[in-house]
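Notes follow the structure.
In structure tokens:
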């Protein structure tokens, strides 16, 4: 195989430790740690793992924001084990549900006191550095797991996405083929919870190149803290959610983001207007829009924006570009046939980055993955549930979730289109949600991110742009949209406000 | 404006934004201590404070507001200037 977990992840990090022992690996809560500090903690945790005879590959990891938590990830990986994040801020019930689903028998916890009683707990902050030698368990299969991330299931029970070592190796290989370059001089932002997969990109890209990772402590207000890191420490690279920039937008003119060389926007649809303003603020940056579900390891497509250029967009949302090097992306109809250029269908993805499936969930695995013959080869695909089309150049235009479609009086309506017209007119954020009223008829509710105003002009404008069945029948004014734990607009919460 | 008056007014802003009528402020209180204190409510809290006290914060000032005491301090400075 051209790439392995060792060649793409473990060896480059071990190389960074060897080459740059005195350079900073992390800045956590305003304290710096060198690669040598990092290495000592990995080694100490690795040694104490030896004393725990884990029969299982999967190990729980309490994801505090500290050096020991990051060191635990690498100790587990060097040992051939996989981590399952348990967030200290989640309700204990949810964490215990995860523990029991994957049958965790060992948990690594860097807290001073653990809240887990049903499992063996290794308190990583109290283990001592013994040998300061990093060893690597080499008899590990590429199909073995690297991490399991739990995403909320529509049924209410979280589902565990299993990512194999080869998935992460393929991702890293894909990532570097986009042309983004990071070296030991870079200062990289890590703005995501370790329970969300963009965090893996954020720390791996930095650590495999000897750069420094700047984290955001739990309990800090993310957008404020991130702007402080960018200004005070001259962050050069980072991935962020568009929502974070939307919060910072009122301050763009007083913000110094000139240190940023490259910036990835991800985790939700990326509005073209916001990016144009961000260019004015981050005057030296290249902007990339990366797209991907957790099931295909972090990102599977990307689009590089051009400063002052005519960036491709649909309904005000930037194109998600083309598949990464190790991904195959097709637009398919309901019967699984590839659609011609310009026709909308479901974006389906295949390749080495695609997960082996959900943990112990045969029904979901049956419905989410399928085989299709491509160029004479039978390939396994994942249904992303995203509605897209390819333009003449092969760039993929994102048109929203399949379930962001509604049928109103028999007409198929793209809610994204209505949002687009509202945003155009208002220059404010707007989200549409379809709901069934007491008469079981589907109506469209529109949420506007603003204090209340007379919307007659808006409705009149929309009537000039769209057929009457597409005009929202209910309007809600929300001064600031709620976000979910992944910093995306919380549509579930918005939907709950419809009465 | 006196600090006691600032704290009193700030308390009612916090109680409203974080929907907790029993919230009692102290100088050392941070986002870790208040359940609903996140990016969204922080932004709401800041805009409500700006509106109620008739002040405007710069991003650099927001960066320094780590705990309740910092907010009281900066309001005191701004309002006595």
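Protein chains in written order, with our numbering: chain A, 82 to 580; chain B, 1456 to 1536.
Don't be surprised by glycine CBs; every beta carbon is placed ideally from N, CA and C.
The Cβ atoms of residue 216 of chain A and residue 191 of chain A lie no closer than 8 Å to each other. Between residue 1514 of chain B and residue 358 of chain A, the gap from beta carbon to beta carbon reaches 8 Å or more. Straight through space, the alpha carbons of residue 306 of chain A and residue 342 of chain A are spaced by roughly 19 Å. Any Cβ of chain A closer than 8 Å to the Cβ of residue 1498 of chain B would place that residue at the interface, and such an atom is present. Distance from the CA atom of residue 206 of chain A to the CA atom of residue 368 of chain A, rounded to whole angstroms, is 38 Å. Just so you know, the alpha carbons of residue 1522 of chain B and residue 405 of chain A end up roughly 43 Å apart. The beta-carbon of residue 437 of chain A is placed no less than 8 Å from the nearest beta-carbon of chain B.
The segment 221 to 230 of chain A makes contact with the segment 164 to 172 of chain A: 3 or more CB pairs, one atom from each, lie closer than 8 Å.
Judged by DSSP in its simplified three-state form, residue 165 of chain A adopts strand.
Distance from the CA atom of residue 218 of chain A to the CA atom of residue 374 of chain A, rounded to whole angstroms, is 30 Å.
By the criterion of at least three beta-carbon pairs nearer than 8 Å, the segment 257 to 268 of chain A is not in contact with the segment 412 to 430 of chain A. Of all residues in the segment 304 to 332 of chain A, only 304, 305, 306, 308, 309, 312, 313, 324, 325, 328, 329, 331, 332 place a beta-carbon less than 9 Å from a beta-carbon of chain B. The segment 303 to 318 of chain A and the segment 268 to 277 of chain A touch, with three or more beta-carbon pairs separated by less than 8 Å. Spanning the alpha carbons of residue 501 of chain A and residue 512 of chain A requires a straight line of approximately 9 Å.
Proximity of chain A to residue 1494 of chain B at the Cβ level (cut-off 7 Å) is accounted for by 302, 303, 304, 328, 564, in chain order. DSSP places residue 197 of chain A in no alpha helix (DSSP H); its state is neither H nor E. Taking C-beta atoms under 8 Å as the contact rule, residue 466 of chain A and residue 484 of chain A qualify, at a distance of about 7 Å. In this structure, DSSP gives residue 424 of chain A a state outside helix and strand, which the three-state scheme calls coil. At a cut-off of 8 Å, the C-beta of residue 553 of chain A has no neighbouring C-beta in chain B. Beta-bridge analysis with DSSP links residue 352 of chain A to A/398.
Chain-ordered, the chain A residues with CB closer than 7 Å to the CB of residue 1517 of chain B read 305. At a Cβ-Cβ threshold of 8 Å, residue 253 of chain A and residue 435 of chain A do not count as neighbours. Contacts between residue 1514 of chain B and chain A, judged by CB atoms closer than 7 Å, involve 308, 332, 335, 336 in chain order.
Neighbourhood of residue 1487 of chain B in chain A, by CB distance below 8 Å: 299, 300, in chain order.
In this structure, residue 296 of chain A sits near residue 107 of chain A, with a CB-CB distance shorter than 8 Å. Among the bridge pairs identified by DSSP, residue 190 of chain A is matched with A/204. In its chain, beyond the 5 residues on either side, 1522, 1523, 1524 have a beta carbon closer than 8 Å to the beta carbon of residue 1483 of chain B. Residues of the same chain with a CB within less than 8 Å of the CB of residue 1530 of chain B, apart from the 5 flanking positions on each side, are 1456, 1461, 1465, 1504, 1508, 1510 in chain order.
The shortest C-alpha to C-alpha distance from residue 198 of chain A to any of A/141, A/240, A/159 is the one to A/141. Closest option to residue 121 of chain A, judged by alpha-carbon separation, among A/138, A/208, A/175: A/208.
Not flagged as an interface residue toward chain B: residue 143 of chain A, since no C-beta distance is shorter than 8 Å.
Annotation for residue 243 of chain A: the continuous beta strand (DSSP E) segment containing it runs 240 to 245. Under the three-state reduction of DSSP, residue 105 of chain A is assigned to strand. The residue from A/280, A/567, A/145, A/220 with its alpha-carbon nearest to that of residue 324 of chain A is A/567.
In this structure, A/477 is the residue among A/376, A/445, A/477 with its C-alpha nearest to the C-alpha of residue 394 of chain A. DSSP places residue 139 of chain A in the uninterrupted beta strand (DSSP E) bounded by 139 to 143.
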